[in-house]
Every structure is written in structure tokens, then in C-alpha cells.
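The next block holds one structure in the form of C-alpha cells; read it before the comments.
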Amino acid sequence: MIYSRLGLREARQHPGRAFLTMASVAIGVAAVVAVTFTTRSTQTAFDEIFQSLAGRASLEVVAPIGQTVPADLAEKIGAIPGVEAIAPRLQRPAVLYVAKKNRVQLVAAAVDPERDVQVHEYKIVAGKPLTTAKEALLSQLLAESLGVKVGDKVELLTRSGRISIEVVGLFASSTSTMSGQGAGLLIPLQRGQLWFLAKDKLDTIQIVFDKDVDEAAVAKLIEKQLPANAELRHPANRSAMAEETILSTNQALLMARAFIVLVAVFVITNTFLISVTQRRRQLGILRAIGGSRGQIASLVMSEAFVMGVAGTILGSIIGVLIANYLNAAMGAIYETTLPPIRLDATPFIWAAVFGVGMSILGAIFPALKASRLNPLDALRDVLPDEIEGASRWLVRGGVFTVIVCGVLLALSITGRLNSSVAVYAGVLGLVGLVLILPVALPTITRAVAALFPQWMRVEGKIASRQLLIHRSRTTLTVGVVFIAASAAIGLASTVLDNVQDVKKWYEKTLIADFFVRATMPDMATGLAADLPDGLDKELLAVNGVEGIDAIRLISARVEKQNVILIVRGFKDSSLQQFDVVRGDESKIRERLADGQVVVGSVLAKRAKLTVGDELPLETDAGIKPFQIAAIVNDYQAGGLTVYMDRAVAEKQLEIGGVDVYVVKADHAKIENVRADLLKISQDNGLILQSFSELQGEIDGMMAGVDAGLWGMVVLGLLVATFGVVNTLMISVLEQTFEFGLLRVVAATRAQIRKIIFAQALIVAVMAMAPAVITGIGIAYLINMATYAVTGHIIDFQFHPSLTFGAFFLGVLTIIIAAWIPAERASRVPLGGMLRVR
-9 MIYSRLGLRE ARQHPGRAFL TMASVAIGVA AVVAVTFTTR STQTAFDEIF QSLAGRASLE
51 VVAPIGQTVP ADLAEKIGAI PGVEAIAPRL QRPAVLYVAK KNRVQLVAAA VDPERDVQVH
111 EYKIVAGKPL TTAKEALLSQ LLAESLGVKV GDKVELLTRS GRISIEVVGL FASSTSTMSG
171 QGAGLLIPLQ RGQLWFLAKD KLDTIQIVFD KDVDEAAVAK LIEKQLPANA ELRHPANRSA
231 MAEETILSTN QALLMARAFI VLVAVFVITN TFLISVTQRR RQLGILRAIG GSRGQIASLV
291 MSEAFVMGVA GTILGSIIGV LIANYLNAAM GAIYETTLPP IRLDATPFIW AAVFGVGMSI
351 LGAIFPALKA SRLNPLDALR DVLPDEIEGA SRWLVRGGVF TVIVCGVLLA LSITGRLNSS
411 VAVYAGVLGL VGLVLILPVA LPTITRAVAA LFPQWMRVEG KIASRQLLIH RSRTTLTVGV
471 VFIAASAAIG LASTVLDNVQ DVKKWYEKTL IADFFVRATM PDMATGLAAD LPDGLDKELL
531 AVNGVEGIDA IRLISARVEK QNVILIVRGF KDSSLQQFDV VRGDESKIRE RLADGQVVVG
591 SVLAKRAKLT VGDELPLETD AGIKPFQIAA IVNDYQAGGL TVYMDRAVAE KQLEIGGVDV
651 YVVKADHAKI ENVRADLLKI SQDNGLILQS FSELQGEIDG MMAGVDAGLW GMVVLGLLVA
711 TFGVVNTLMI SVLEQTFEFG LLRVVAATRA QIRKIIFAQA LIVAVMAMAP AVITGIGIAY
771 LINMATYAVT GHIIDFQFHP SLTFGAFFLG VLTIIIAAWI PAERASRVPL GGMLRVR
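Numbered by this note's numbering, the letters in the sequence shown go through residues -9 to 827 in order.
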């Protein structure tokens, strides 16, 4: 009880110091809460992208092309613990007749209406949902091309003949698993099995797991139920995109969270150290009148606990507000909508553990230091060890940490350790650098002070001496700015590199203006309706069409890895370019025509292949080797791609047919070309898709992810800024008596301001100069660690505007942060300054 009374009286006597101490905890907790929620929001943006590409399915059961699995297998899988939902499907190429004369080829998917909507998201834009009656849902895009409306009768050509069905609704899907699996038409499962003469048979069963389930364990249970011809695998789109494309940005998210939490830890520890150091004289008096070491430590720890609880409550509220603000602000900047912040107990539990825990941990070292002092030492203004330098064991620990982290980084970059190790090694490595800083502090501080102009030279020397007198405080303050700035620069550079890499790939490889297709091809099986013969001549006859290319997408396997075989012509360089990683770009087309292939960098890394090696492509006739002509960066299917010339594919693999025509148009005649292509598409019952629209959708999705990452960068800078303001305020409180003595010896208020600004400037330069270099290194290491896992190369680029802008902005921010403490110190009456002692 006496400890709480002493702590309460101390808080009343020094409300500013008490508030700033609590504010430091609140800043750290707010960072943890905001980081957690912002990371979740950004991760949700990723999830929406991948669900839009592959649905919710975690795994799927498939049969080889031409074979099926028994329908009762779906019930067995659905009953396995850990399985949330299943979506059984039977799908077949079919022909749809509209008004008994217009004919269109498509893929009809027979689905369980109640179960399918739990896995695939699609919206009924007209009409009503599908039931088990003799009816169908038609894709909105296809309906517009065919002129079909709700209530119209159409005929479906099946193995049972022409079946007349009513279109009861039109659907639009944000997920490519509806269109991506060729599903232009949805019909009831039981009726589809009957019409296609596939009673009690299925092609695929897509599976959604419960949250937080052990996927590997559930997968083993599913595999026990599978017949010999069935395969359990990740959906092709999800495995390629979700596991490969996301990795580099996930690394940035993980590193952002780690860095911001580390900055928050430094802010809390620094504040408590300063607070306890400032009260050392008071603690010495308590020791002199009989207080034990345990009582002194208990006093400090109890105050830390109270401050931790109060700061946690305040910080949790502030953290939610910051997360919501960043979510909205980043969405507005990028003209996109990030998923809303969803509140639950977990982040607040972690915030409580972090806030109270870090308050106690941050006070342990100062409390032990104060409790172990004898009364005479405690009554001194400055201890000898603070003037002489840093503890040798801390410096040695810093050197050891840097060496160990360097080794871990090297092992992670070379692929011998998981890429996430690089994140934690980088964070701990920065801590090691901060621990080593006191060794170089005198030299750096005096060097920076020597750069001051003549009119500020005296104040600079005084500021330099004050910083050296309190090395622990100076080290922690520089550490806060250094870690926050280096993390912000590194993450911002990584974001820019990723965005520029995607744009570079767009501009170089995706040249077409339009796609003409009968249905969207299934990226998993290649199942799609072929385009009619002779269509290429009609497309080339359109005025303004500069060139076309026919593409066929086939699911294949290489070294037990699902890949996408992209078959097309490569003679016209205006329709296809490669972002070459390895290989002679000038000879790629010649070598493709000779029977060689081009592979994506991720596949090459996974299969440990390089230019000149033979790619073991699994076919119906066994494994066929194809020499690799080049390795390219490719964002399609996550880089798990193989490019093959059409003539070679027809001869070697007997692959024919066309899934889609890509059309290159004269941009001066683009609208006329669009109108003519739309007429051809409508006459043939085909779908016309503008690539500019598709690219816009992808850009919008990526904007949401980038916005989240920039939000993390801004949050890191905010934490550092508040930390510096807080530290400088407490530092001014600690130096009040020294400022009073300076005023006694005729120092003016302006000179007091100059001293504080000089301290801020020295801290800013000491922190920002190495932070710029370290931030560049962080960006490079993120790229290197990601390449070691994926093989996808994101070129590291130096961004002068970011680098120098961050340096000057950081220095300016710290100087502005010193304005309030400087004004406060200059306005304190002389008598008030001297009464501190």
C-alpha cells in the first residue's frame, strides 16, 4: 500500500513525467493493436484476391481427364472432422442452342445448389437461385453476348440428346473458379448426371477446411477415403497464386510488424530508463532513511505495472482509431477499398500482455540498477559509468548478435533456412547494431557537432556533452529513430520494387488488347469449349486488327509439380514478349520453333532446372523431355508455367484446338475494332473481353495490398515520431536543473532553445545516416530471401527520391518534434528550474 501511495504522490508532483511515461506505453500498445489490425486487413485483401482466383477451396479431389470418382465419396469427405464445406461437381463440354438456331460451345457444370454457394462466390444479378428443377443459371457475360434473358428457353446438347431447359437466373462472379472452370452454365447435379449419362459420378470435389484446423492431418484422413484413380491436390490457381505470388509481400508484412513492435519496445524501455534515472536522487534518499533494495525495486515495479495497465487501455483505443484511419486513408490514396477492420479479442489480449509485460520488463533493468546503488552514489547527478561509456558485456553481446544474425541471413538467402528466418535475423541484427553504438558515440557526436555553423557552435558543444553524459538515454533514443527509419525505408523500397516489377511485366509481356473466347478455360484441367474453325480469318479481316494469336492452356505435371502448359504461336513478336531471366532473348523464338520450351522462374527454381537442361514433362505416353531455351519471370499461375510452340505441341503431344484468341489492335481505331469484334462474338455466341478491363481489375486488387503495406510504413513513422517527441520531452524534464544553471551563468532563452535543437539535430543525423544505408540493405535482403524460395527475381532498384527524401524528412521531423520541448524549457522560470533539486 505504501508503494502505491508513494507512486501516486510522485505522479501528482510530476504530472508531466507521469503522463509521458504512460504515453510511451500507450504508443507501444497502439502500435501493436494497429499493426495487428492493419496486417489482418491487408492479409484479407490478399485472401480476397486469391478467393477471386480460386474460390475458398483449400484442396480438391480430382480424377484424370476422361475418368470420374464415385458420388458417394463426397458424403464421406464431408463427414470428416475439420471439413467445413464441400462442392461436388460434374462438368462437361456441351453445346447450347439459343432460339433453336444460334449455337455456342461451352462447359456446363452440374452442381449441388446448396453446397456450391458455400465454396464459390457468385451473385445472382437477375432472376432467382438454382434449385433441383429442370432449369439453369447462365453467366451474365455469356447471356449478354447471346441475347438471352431470364425466363428464356434454351436447349443443351448432351449425351442424352437436346434437353430443353429454362434460364431462371443470370450470375456474375468475382471468382474465376466459376468462369475459370469453364462454367458458363450451371445446372442441378442430379439432372446433369442423368443427362450426361454419368449417374453417381463426379469430376471434382472441392473442399473447404474449418479455421485453425491441422490441414495436413485432415488431408491424410481424406486420402484414406480416395479410390486409386483419384488425386488430392491444391486447386491449381490457389496453389500457384496463393503460395508463390503472395510470398514476397508477406515477407514485407512480417518484417513491418516485427520492426514496428521493436520500435515500440525501444520507446517503452527508453522512457522508463529516463524516468527512473531522473528519480535516482529520490530513490537514494529512500535508501538513506532505511529503505531496502527490495522495497526500492518493488516501488519502481509497482509503478510500472500501474502505468502499463493505464497505457494499455489508452493505447488499445488509440490503436483501433489509427488502424481505421490508416485503412480508410490508404484506400482513398489508392482509390480502392481495403477490407474493413474486424474487431475481436485476440489483438487486445496481445496488447495487454505486451503493454503490461513491456512496462515491467522495461523497468526491471533501471529498478535493479537503482536498488543496487549505495545511497551516496544514488544522490549523485551522474554516475561514473554513464560518463565512461557503455557496459562491455552489452557491446560484446551486440557484436555477437550481429555476427550470428549475419550468418542466419546468409543461410536464409542461400535457401538453407526458411525465408522467415531472414526477417527475425534482420530485426535482431538491428538490435545488435544499437548495442554497439555507444562505442562510436563520442566520435560521431563530436563530428556532427563540429559541422554546426559558427553561430551555433557553442550550443552544439554543450548539446554534445549532454548527450554523452547520458549515453544510455542517447543510445535508446537514436535506436528508436534508427530502427523505425531503416524499416520504413526498406519496406517502402520493397513496395516500389514490387509494383515496378509487376508493371514492367505487364508492359513487356501482356500486349493484347482483346480476348475472344467461347468460355473461360479451366486452369486446372485445360477443359474448355473449343473455338470454331475459321474464326481466325474473320478476326484478321476486321479493319484495325494488327495481329492475332491462338492460345491453348493445358494442365500438366513436371517433377510432381502441377504446371500450366501454354501453347501458342511465337512468330509475331508484337503479340508476345518475354521478361528473360536467363537465356538468349534474340534466339528464343527460333529455339521454340525447334522444339525447345521456355519455363517460368518459379518452376525452374522448384525443379532445380536451368537453361540447357531437359524438362521432364509428364504426358499420357509417359515422360517426354524438352530442352529449356530460356527461363523467364512470369506472374501467370505464380510462375509455374511452360511455354511451347503450337506446331511442336501438335506434333509431339497431339494438342490441338484453341481456347482463346488474343487480338492486337490499332489504338487509333480501338473503338471500331471493339464494335466489330463484339458483333463477331455475338454472331458466334462467343465472349469478348477487353484486356484493359482485366488489367484494371488486377491493378485494383494490387492497389489494396500496396495500400496496406504503405499503411504499415506510415504507422512505423508515426510510432517513431511520437517516441521521439516523448523522449525529448522527458529529456528536457531531466535536464531542467542543468538549464537553470546555464541561465544563472547568463545563458539566454534563445540559447536554451538552440541547445535542445542541437541535441535533436545530432540525434537525427546519427540515426538517419545509417538508417538510410540499412534500409537499402533491408530491401535488398527481402528480395534475395524471396528469390531463394520462389526463384522469382524482383530487381533491386535504388530510389534516390525515396532515399534522400526519407533522410531529410526524418531530420526535419525530429527537429519539429523538438520544438515543443525547446519552447517549454525556454519558458520555465529560473526559480522553477533551480527548485528541481
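Glycine included, C-beta positions come from ideal geometry on N, C-alpha and C.
Cα-Cα separation between residue i and residue j, rounded to whole angstroms
i    : j    : result
V448 : V397 : 45 Å
G767 : V438 : 24 Å
D200 : R223 : 17 Å
V97  : V88  : 15 Å
I261 : I810 : The residue you asked about is not Ile; residue 261 is Thr in the sequence shown. Roughly 17 Å separates the two Cα atoms.
L667 : N92  : 17 Å
G18  : V52  : 49 Å
M634 : G646 : 12 Å
F797 : F788 : 14 Å
V109 : K191 : 20 Å
D624 : D491 : 10 Å
M12  : I554 : 57 Å
R817 : L401 : 56 Å
R733 : R461 : 24 Å
R105 : V592 : 35 Å
D142 : V101 : 21 Å
Q566 : A116 : 38 Å
A761 : S791 : 15 Å
A655 : R558 : 18 Å
V663 : K139 : 26 Å
V198 : N533 : 48 Å
F9   : A815 : 17 Å
Contact belief for residue i with residue j at Cβ below 8 Å, rounded distance in angstroms
i    : j    : result
A453 : I752 : 6 Å
P178 : P103 : 6 Å
A475 : G800 : 5 Å
F616 : V588 : Contact flag wrong, Cβ pair sits at about 10 Å.
F399 : A412 : According to the sequence as given, residue 399 is Leu; it is not Phe. Indeed they touch by this definition, with Cβ atoms about 6 Å apart.
V622 : G602 : That belief does not hold up - the Cβ atoms of V622 and G602 are roughly 15 Å apart, past 8 Å.
I67  : V73  : 6 Å
I403 : M774 : 5 Å
L80  : G182 : 5 Å
Best match in the options for proximity to residue i [C-alpha to C-alpha]
i    : options                   : result
S154 : V85, D190 and A162        : V85
T600 : K614, G585, V570 and A583 : V570
V485 : E111, I772, V19 and F338  : I772
V648 : I745, R733 and I544       : I544
A75  : Q81, R82, E65 and R362    : E65
F560 : R572, V553, K577 and G573 : K577
L529 : R547, V650, D204 and H460 : V650
G345 : K669, V23, T194 and E536  : V23
I613 : K598, F568, Q642 and K595 : Q642
M291 : V251, G347, T404 and T631 : G347
G388 : Q456, E580, D204 and G422 : G422
D673 : R581, I114, G137 and D193 : G137
W340 : G309, Y315, A162 and G352 : G309
G284 : A357, Y315 and Q272       : A357
L418 : D562, I434, C395 and D193 : C395
Q130 : Y112, I742 and L146       : Y112
G765 : T803, T467 and F472       : F472
DSSP bridge partner residues for residue i (one or two, in chain order)
i    : result
Q551 : V548
I197 : L49 and I76
V101 : R79 and P178
I153 : L146
P60  : K191
E221 : V52
D569 : N623
D539 : V652
I114 : F161
S402 : Beta-bridge pairing links S402 to no other residue.
L127 : G159 and L176
I677 : R507
Min CB distance residue i to chain D below 8 Å
i    : result
S402 : Here chain D cannot be found, since the structure has a single protein chain.
Residue i Cβ short of 7 Å to the ligand FAD heavy atom set
i    : result
M758 : This structure does not include the ligand FAD; it has no bound ligands of any sort.
Exercise. Could you name each continuous alpha helix (DSSP H) segment of 4 residues or more that falls completely within the segment 585 to 661, going from the start of the chain to the end?
Key: Listed in chain order, they are 591 to 597 and 636 to 642.
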